[in-house]
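Residue 458 in the working numbering is what sits at position 19 of the sequence shown, and the numbering runs on without skipping anything.
Glycine residues also receive a C-beta, built at the ideal position from the N, C-alpha and C atoms.
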Amino acid sequence: MPKILIANRGEIAIRIIRTAQELGWSTVAIYTAQDTSHATFADEAVQLDDVSWFMSPERVLDIAKRYEAQAKRYGFLSESFALATLLSPSTPGPNITFVGPAPGTLRIAGDKMLSRELAVAQGVPVARGTHVKSAADVKAFVNSGVGYPVMIKALDGGGGRGIRVVGAEDEVESAFKRCLGESPSGQLFTEKALSGPGWKHVEVQIVGDGTGDSVHLWERECIEPLLAASLELARALKYKGVGTFEYLVNAHSGEWVFLEINPRIQVEHTVSEEITNLDLVRIQLLLASSTSTTLAALALTQASIGLPQGCAIQLRLTAEDPTRQFRLTPGTIRPANIVWPAGRGVRVDTWLCGVPSCSVGTDFDSLLAKIVVRGTDLGETTQRAVRALRETKVGEEIDVKTNKVVLAGVVAHGDWARGNCDTLWLERELAEVMKIGEDVLKPRLGGLSSQEAQSGAAEAVVSPSLSSGSLAMQPGAIFHLELFKDGAKQKHTLTLASIAHNTFPGHLSGTLQSTFSPGPVAFSLKQAQSSAGVSAGTFDLADPNDAAHVGAPMTGKIVDLHPAVLAQTGMVAKGDALAVLSVMKMESVVVAPRAGRVVKRGKGVEVGVVVGEGMLLAVVALDGELGKSRL
């Protein structure tokens, strides 16, 4: 029986495990202590000491050897020329098959500059670009007649990492540094940014067998030149496996350019599967299982694929708060916090399953689920998407926020139906999209009154019992608090009028009647906690009323600190990078809001730790404030 190591996580790892088991293969998963759900589906599982091991060809290969895997499904190392070379038949060692393209193919497809050169050689248009080694190189490229805006990209970036749009010279230095920090190889290039009215991002999914035979699985805009170009490039590479060829297309002028190759199955492969009735993971595994397995042997031809059948939409639900610039919202999600949509034409691929609770943290991307809907045409499929989103409930009674309202607003927007969504459309229309989404998702109570519905919801979330010694929070209970303001002391009475959520002391929300307000006051009390499960007591909280305090604007892992912060002394200028936080492998800089002297580093703040939003990073005091800031 073949044994395959799946070096991936999340819903795609579960999908691969299930398909491999349907083929009769044995499966080995790798996982970290805080991310285990996918591992419960595998026949064997290996815990990694550190999340960085996912990206280490040597460590992944060592696990494959120890567990005697005959094939290795690449996952995070999908573009790793190093791993493919280690598993090459020409490399001494155990016979382990790399599920994916050959090393020579990956060397080109996994390098954005080399893939651009291949496109040029095949007569496929590309945007003007060049390799850069410094911010000065970027500026020289711009001044050569290209002008702003430009894109700075990591040669080995992907998934939004290692890429920045630069619109002015004063943005170059910071963008270059951030892209460099997000690039495993430390290699960057820049190209003219083609964005705005008319420009759309289009992907073509192809399948090749390594002999030069390739087929495409269509794409959204049905543009024949893009399909032909993708097959030409795949054949030139003798591409083996499933791959994604990306382009920018201008709907107004008809202009189009090649962007890059992602030598792996695309995130949106579920859409391709729905309109072709093919199992792309199964095809990928079968092609890797034997050198004699070809597209012809699988009876897979362009004619057999035929035209797209119906329409499909993938709704990518993420743990991001759209009201706060789509920041990650870490937390723990349990089965009681989840309701998935069901019914005809609805499919859900998710990793929120298999274990009593799942943790959303900073180490991986924010994807919670792919909700895929299918219909006969765009109109029917869009209505099914709206219905599916109304049924979806994930984390709505806890701290984890999602982008559900944005998804609903997009598919309900008139521009969606008209096909008028370009690469900057969401940035321009976000406020309207949010408004439409909120309206679309408003509860439909049917025969229930609003009061009855709210009562039922409250009863569903109130804890059935409270641990010994905890406070019994009941509507109508009266507590006496002393409130202090500007040195004055005055007593007020607060009456707990209603409870919306009660898992005290973790979370208590509802409304209060008080002597200091004529109307009810909504409140929400939450026990502060970081995404790593560390109590807020491990850190200092930044005081928002103290101008000297610099707090973490989001939850993230600290990857760099200013020398003055490390030393807890030293001058910094306004705009200096005090800390760099890594969130989902993307870096965000926390800058000094003013010039001054660092007089304190926040408690527990050091490189490598995860800090929660609002935690104190540093205290930057002016000369006249030394000793006055509340430390």
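Take the alpha-carbon of V581 and the one of Y587: they are about 6 Å apart. The beta-carbon separation of K442 and T544, rounded to 25 Å, does not stay under the 8 Å limit for a contact. In the same chain as G793, and ignoring 5 residues on each side of it, the C-beta atoms closer than 7 Å to its own belong to S476, T479, F480, in chain order. Its chain contains G749, C750 as the residues whose beta carbon lies nearer than 8 Å to that of T815, once the 5 sequence neighbours on both sides are disregarded; these appear in chain order. A direct Cα-to-Cα measurement between V1037 and N842 gives close to 37 Å. Scanning the region 954 to 1034 from its first residue to its last, the whole beta strand (DSSP E) runs of 3-plus residues come out as 956 to 965, 988 to 990, 995 to 1000, 1016 to 1022, 1025 to 1030.
With contacts defined by Cβ atoms closer than 7 Å, T732 and L725 form a contacting pair. Apart from sequence neighbours up to five positions away, the residues of its chain that approach E671 with a beta-carbon distance below 6 Å are Q561, ordered along the chain. If the five residues before and after M552 are omitted, its C-beta is found closer than 7 Å to the C-beta atoms of H570, L594, F628, all from its own chain and listed in chain order. In the three-state reduction of the DSSP assignment, I535 falls in the coil class, being assigned neither a helical nor a strand state. In the displayed model, I602 falls within a strand according to three-state DSSP.
With a threshold of 16 other beta carbon atoms within 10 Å, D489 falls short and is exposed.
Bridge partners of L806 according to DSSP: T757. In the displayed model, G682 falls within a strand according to three-state DSSP. For D854, the enclosing alpha helix (DSSP H) covers residues 853 to 857.
CA-CA distance, V720 to L791, rounds to 20 Å. Distance from L526 to T536 at the Cβ level is roughly 7 Å; contact confirmed, criterion being Cβ atoms closer than 8 Å. If you check the CB distance, S1021 and G995 come in under 7 Å. The criterion of a C-beta distance shorter than 7 Å is satisfied by R813 and E713. Distance check between T740 and each of L717, N776, E759, P795 places L717 closest, using alpha-carbon atoms only. For D576, the enclosing alpha helix (DSSP H) begins and ends at 574 to 580.
Excluding the 5 residues flanking it on each side, A459 has same chain C-beta neighbours closer than 7 Å at I443, T466, L724, in chain order.
In chain order, V641, E642, V643, Q644, L665, L666 place their CB closer than 8 Å to the CB of E658, counting only its own chain and leaving out the 5 sequence neighbours on each side. Within its own chain, the residues whose Cβ lies closer than 7 Å to the Cβ of Q473, once the five positions on either side in sequence are excluded, are S798, G800, listed in chain order. L1000 is the residue among L1000, A1012, M1010 whose C-alpha sits nearest the C-alpha of G1047. For I704, there is no enclosing alpha helix (DSSP H), since its DSSP letter is neither H nor E.
L880 and V844 have their C-alpha atoms some 7 Å from each other. The beta carbons of A1031 and K1013 sit closer together than 7 Å.
The Cβ neighbour count for Q626, taken over all protein chains shown within 10 Å, is at least 16; the residue is labelled buried.
In this structure, DSSP gives S465 an extended state, which the three-state scheme calls strand. In the DSSP assignment, T629 is bridged to T569, I591. Within the region 703 to 752, the complete alpha helix (DSSP H) runs of at least 4 residues fall at 708 to 715, 719 to 728, 741 to 744.
Bridge partners of H640 according to DSSP: L687. When secondary structure is reduced to three states using DSSP, G1041 falls in the coil class, being assigned neither helix nor strand. Here T821 has V850 as same chain residues with Cβ atoms under 6 Å from its own Cβ, once five neighbours each way along the sequence are excluded. With a 10 Å radius around the Cβ and a threshold of 16 neighbouring Cβ atoms, S743 comes out exposed.
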